[in-house]
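**Q** I'd like to ask some things about the structure below.
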Amino acid sequence: MTEGVGCGKLEVTRCPCEPLMDPALPENLPPGTLLGPWRLIGRVGRGAYGAVYRAVRAGQEHAGTVALKLSLYSLEGRFEREAEVLSRVRHPGVPRLLGRGEWVGGPWRVTYPYLVMDWVEGKSLYGWARERPPNSSQVLCLLGRLCRALQAVHETHCLHRDVKGDNILVGLGGEAFLVDFGCGTYPEASPLTDSPLAPGTLLYRSPQALRHQWMHRRDGEHYKAGPEDDVYALGVAAYRLVTGVYPPPGTDLEARQGMRRGARPMRQPPHVLVHQVSPELSALIERMLADTPAERGSARELADAFEAAVGRRPKRIMRLDSSRARAPIWAALAGAALVGLVIWMATWRSPEGAWRTFPQGGQAEAGTVGVADASMTLEALSAAACHGVDEPRGSLAWEMPKQPLTGQKRPPCNPRRETEIRSGCWALLKAQPPCEDGGYEWDGKCFLPVPARPRPNTSNYP
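Take the sequence shown: its position 214, counting from 1, is numbered 214 in the UniProt record's numbering, and each next residue is one higher.
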């Protein structure tokens, strides 16, 4: 059909005021779709701002598979930033930018940017650990690699700003990749939001970022993130990796105030929660989570420390005991009221909805997903630092404890949403065994402990 002048003629294709009847949305493009020279094979993941597709260069399929990340929003500024960051960083643990372009489509025929990166098969961090439970030496090695990747990012004066489990991929050979730089930035970049904090994931926020958000909740002063924020976020991911729970959000000051109110648990070192975690690994994770940024150290310093610790460790498998290793899981639940307040703070002044968090593995819809080069030669540390590390054995299996956990609610339980098991109150999860994300198995079902109700707070936060 030829293009017409208005909306009233049947012979016109479409006009700007009329959406397509059967639009191809950027997050749902069918296999075979061409985006510039790239032919889509299928979608493998979706995040808050983009969808990731497996693709090949049309006519050059022998050249191999690439990862194509297509924006879900027209003219999304974060894609420009991500492209700029990736073009500056050169490291085997950071995806290499192969190209960029624009796709015109959707119900209003608008322009959506896309990026093309190298591809590698890999698992998200927590998915990898569930499938192949690591020992302390393997975790030390993995964190050393991730710190080297962060070092490369920081030495170009760039920041990731959304380091978390879903944005860390582990290759089949144990290679570590830091991916999804959609929240990344560099010194010359202009702010894209009016909120005090840039988009990110709440549970990985540093103490100084949360303090700034609280102090400037009214004037909206922008928080200037630094490398120490990325280091703290990696510490949160490491803590979650070895303990199965997130550290309590907030700061040591808030923890002390919370103890006086009877509602705020303090963070336990990893080796206290899981006795199989080596002292060296536990100490380094605690260092990354230090309340004072200067005490965390740089990514380079931490990489040196992790690599030095690898050779000193006996190779033991971290097999987690349900009653001892996981008892403090209530800490992640007991402060629910406070966490709710922090979440309200995070979403306040954030009209874009950028604060949504996804379930673990939520971006990996096709089993494995990756955006880096499998054929790249890793640095010497990849081959040498972890040479001889035992293959993981065993599995994460959380059996129902024989008595209630510390801080868990005791009967009477709410019959509408709680189940009494072994003198404790438990919440049924919509999941089937093997239970994930801290769940306990009982009678073929998955449960989480219900925390005892804390005493009401009598002072303002923080």
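All C-beta atoms, glycine included, are put in the ideal place defined by N, C-alpha and C.
1) Quick one: give me the first and last residue of the beta strand (DSSP E) that Pro50 is part of.
2) Comparing alpha-carbon positions, which option in Tyr186, Glu188, Gly64, Ala299 lies nearest Tyr232?
3) DSSP on Tyr126, reduced to helix/strand/coil?
4) Using the rule of at least 16 other Cβ atoms within 10 Å of the residue's Cβ for burial, across every protein chain shown, is Met215 buried or exposed?
5) With distances taken between CB atoms, is the gap from Thr243 to Val272 smaller than 7 Å?
6) Relative to the alpha-carbon of Ala24, which residue among Leu115, Leu72, Pro107, Glu82 has its alpha-carbon at the smallest distance?
7) Would you mind stating whether Pro451 and Glu441 have Cβ atoms separated by less than 7 Å?
8) Does Thr243 come out as helix, strand or coil in the three-state DSSP assignment?
9) CB-CB under 7 Å to Arg39, same chain, minus the five flanking residues each way: which ones, in chain order?
10) Let me confirm a value: Glu221 is counted as buried when at least 16 other C-beta atoms fall within 10 Å, else exposed. Which label applies?
11) Around the C-beta of Glu228, are 16 or more other C-beta atoms found within 10 angstroms, so that it is buried, or is it exposed?
12) Give the single residue among Glu188, Tyr186, Met288, Gln208 whose Cα lies nearest to the Cα of Pro196.
13) Rounded to whole angstroms, what is the Cα-Cα separation between Leu72 and Gly50?
14) Using the Cα positions of Arg148 and Leu125, report the straight-line distance between them to the nearest angstrom.
15) Tell me, to the nearest whole angstrom, how far the beta carbon of Thr156 is from that of Arg88; I am working on the premise that it is less than 8 Å.
16) Would you mind giving the Cβ-Cβ distance between Leu150 and Phe306, rounded to the nearest angstrom? I have them listed as a contact below 8 Å.
17) Apply the 10 Å Cβ neighbour rule to Met266 and answer buried if 16 or more other Cβ atoms are within range, or exposed otherwise.
18) From this set, Thr193, Ser136, Ser206, which residue's C-alpha is nearest Ala283's C-alpha?
19) In three-state DSSP terms, what is Met266?
20) Just verifying my parser: in three-state terms, what is the DSSP assignment at Ala83?
21) Ignore the nearest five residues each way along the sequence and tell me which others in Gly367's own chain have a CB closer than 7 Å to its CB.
22) So the beta strand (DSSP E) Ser71 belongs to, where does it begin and stop?
23) Whole-angstrom Cβ separation of Ala303 and Arg296, contact assumed at under 8 Å?
24) Within its chain, find whatever has a CB closer than 6 Å to the CB of Gly444; leave out the 5 residues flanking it on each side and keep chain order.
25) Ile168 and Tyr239 look like a contact to me (Cβ under 8 Å); what is the Cβ gap, rounded to whole Å?
26) Once you ignore the five residues that flank Pro187 on each side, which residues in its own chain have a CB closer than 6 Å to its CB?
27) Less than 7 Å separating the beta-carbons of Ala189 and Arg81?
28) Can the beta-carbon of Gly171 be found closer than 7 Å to that of Val120?
29) Which stretch, first to last residue, makes up the beta strand (DSSP E) that contains Trp103?
30) Please say whether Gly200 and Asp166 have beta carbons closer to each other than 7 Å?
31) Can Asp230 and Leu140 be called in contact, C-beta distance under 7 Å?
32) Below 8 Å on the Cβ atoms is my guess for Gly93 versus Arg145; work out the distance and round it to an integer in Å.
33) Would you please state the rounded distance, in angstroms, between the beta carbons of Tyr246 and Leu203? I believe it to be under 8 Å.
34) For Pro37, which residues from the same chain have a beta carbon less than 7 Å from its beta carbon, with the 5 sequence-adjacent residues on both sides left out?
35) Between Ala67 and Val52, which are expected to be in contact by the criterion C-beta below 8 Å, what is the C-beta distance as a whole number of angstroms?
36) Report all residues from its chain with a CB closer than 7 Å to the CB of Phe79; omit the five preceding and five following residues, and keep chain order.
**A** Per the coordinate set shown:
1) Looking up residue 50 in the sequence shown gives position 50. Going by the sequence as given, residue 50 is Gly instead of Pro. Start and end: 50-57.
2) Numbered from 1 along the sequence shown, position 232 holds the residue referred to as residue 232. That would be Ala299, whose Cα lies nearest to the Cα of Tyr232.
3) One-based indexing of the sequence shown puts residue 126 at position 126. Three-state DSSP puts Tyr126 in a helix.
4) The sequence position of residue 215 within the sequence shown is 215, counting from 1. Per the 10 Å Cβ criterion, exposed.
5) Numbered from 1 along the sequence shown, position 243 holds the residue referred to as residue 243. Numbered from 1 along the sequence shown, position 272 holds the residue referred to as residue 272. No; because the gap between Cβ atoms is not below 7 Å, this pair is not in contact.
6) To locate residue 24, count along the sequence shown from 1; it is residue 24. The residue with the shortest Cα to Cα distance from Ala24 is Pro107.
7) Position 451 of the sequence shown, counting from 1, holds the residue named residue 451. Position 441 of the sequence shown, counting from 1, holds the residue named residue 441. In this structure, Glu441 does not lie closer than 7 Å to Pro451 by Cβ.
8) Position 243 of the sequence shown, counted from the first residue, corresponds to residue 243. DSSP places Thr243 in helix when its eight states are reduced to three.
9) Residue mapping note: residue 39 aligns to position 39 of the sequence shown, counting from 1. Answer for Arg39: Gly32, Ala55, Val56, Ala58, listed in chain order.
10) Start at 1 with the first residue of the sequence shown, and residue 221 comes out as number 221. Looking at its Cβ environment, which holds fewer than 16 other Cβ atoms inside 10 Å, Glu221 is exposed.
11) Along the sequence shown, one-based indexing puts residue 228 at 228. If you draw a 10 Å sphere on the C-beta of Glu228, you find 16 or more other C-beta atoms in it, and that means buried.
12) On the sequence shown, position 196 is the one that residue 196 refers to. When each option's Cα is compared against that of Pro196, the closest is Gln208.
13) Counted from its first residue, the sequence shown places residue 72 at position 72. Counted from its first residue, the sequence shown places residue 50 at position 50. For Leu72 and Gly50, the distance between alpha carbons rounds to 5 Å.
14) Counting from one through the sequence shown, the residue named residue 148 turns up at place 148. Counting from one through the sequence shown, the residue named residue 125 turns up at place 125. Answer to the nearest angstrom: the Cα atoms are 16 Å apart.
15) As a position in the sequence shown, residue 156 is number 156, starting the count at 1. As a position in the sequence shown, residue 88 is number 88, starting the count at 1. With 8 Å as the limit, Thr156 and Arg88 qualify as a contact, their Cβ atoms being about 4 Å apart.
16) Looking up residue 150 in the sequence shown gives position 150. Looking up residue 306 in the sequence shown gives position 306. No, Leu150 and Phe306 are not in contact; Cβ-Cβ is about 11 Å, not under 8 Å.
17) Taking the sequence shown and counting its residues from 1, one reaches residue 266 at position 266. Label assigned to Met266: exposed.
18) Reading the sequence shown from its first residue, position 283 is the one you call residue 283. Nearest C-alpha to Ala283: Ser136.
19) Taking the first residue of the sequence shown as 1, we reach residue 266 at position 266. Note: Met266 maps to coil in three-state DSSP.
20) Looking up residue 83 in the sequence shown gives position 83. In the three-state reduction of the DSSP assignment, Ala83 falls in the helix class, which pools H, G and I.
21) The residue labelled residue 367 in the question sits at position 367 within the sequence shown. The predicted position of Gly367 is uncertain, since its pLDDT is 31 and thus under 50; a value taken from the coordinates is nonetheless stated next. Taken in chain order, the list of residues that qualify is empty.
22) Within the sequence shown, numbered from 1, the residue matching residue 71 stands at position 71. Per DSSP, Ser71 belongs to the beta strand (DSSP E) from 66-71.
23) Position 303 of the sequence shown, counted from the start, is the residue given in the question as residue 303. Position 296 of the sequence shown, counted from the start, is the residue given in the question as residue 296. Not really, about 13 Å apart at Cβ, beyond 8 Å.
24) Here residue 444 corresponds to residue number 444 of the sequence shown, with the count starting at 1. Result list for Gly444: empty, nothing under 6 Å.
25) Position 168 of the sequence shown, counted from the start, is the residue given in the question as residue 168. Position 239 of the sequence shown, counted from the start, is the residue given in the question as residue 239. Not a contact, Cβ separation roughly 13 Å.
26) As a first step, residue 187 is located in the sequence shown; it is residue number 187 there, counting from the start. Contacts found: His157.
27) Here residue 189 is taken as the residue at index 189 of the sequence shown, counted from 1. Here residue 81 is taken as the residue at index 81 of the sequence shown, counted from 1. Yes.
28) In the sequence shown, counting from the first residue as 1, residue 171 sits at position 171. In the sequence shown, counting from the first residue as 1, residue 120 sits at position 120. Closer than 7 Å, so yes.
29) As a position in the sequence shown, residue 103 is number 103, starting the count at 1. First-last of the beta strand (DSSP E) with Trp103: 97-105.
30) Within the sequence shown, numbered from 1, the residue matching residue 166 stands at position 166. Within the sequence shown, numbered from 1, the residue matching residue 200 stands at position 200. Cβ distance not < 7 Å, so Asp166 and Gly200 don't count as in contact.
31) By one-based count along the sequence shown, residue 230 stands at place 230. By one-based count along the sequence shown, residue 140 stands at place 140. Result no, Cβ atoms of Asp230 and Leu140 do not sit closer than 7 Å.
32) The residue given as residue 93 occupies position 93 in the sequence shown. The residue given as residue 145 occupies position 145 in the sequence shown. Going by Cβ atoms, the distance from Gly93 to Arg145 rounds to 6 Å, so yes, they are a contact pair.
33) As a first step, residue 246 must be located in the sequence shown, where it is residue number 246. As a first step, residue 203 must be located in the sequence shown, where it is residue number 203. With a Cβ gap of about 5 Å, Tyr246 and Leu203 count as contacting.
34) Locating residue 37 in the sequence shown gives position 37, counting from the first residue. Arg57, Ala58, listed in sequence order.
35) Within the sequence shown, numbered from 1, the residue matching residue 67 stands at position 67. Within the sequence shown, numbered from 1, the residue matching residue 52 stands at position 52. The pair is a contact, with the Cβ atoms about 6 Å apart (cut-off 8 Å).
36) Position 79 of the sequence shown, counted from the start, is the residue given in the question as residue 79. Cβ neighbours of Phe79 beyond the five flanking positions: Ser71, Pro113, Leu115.
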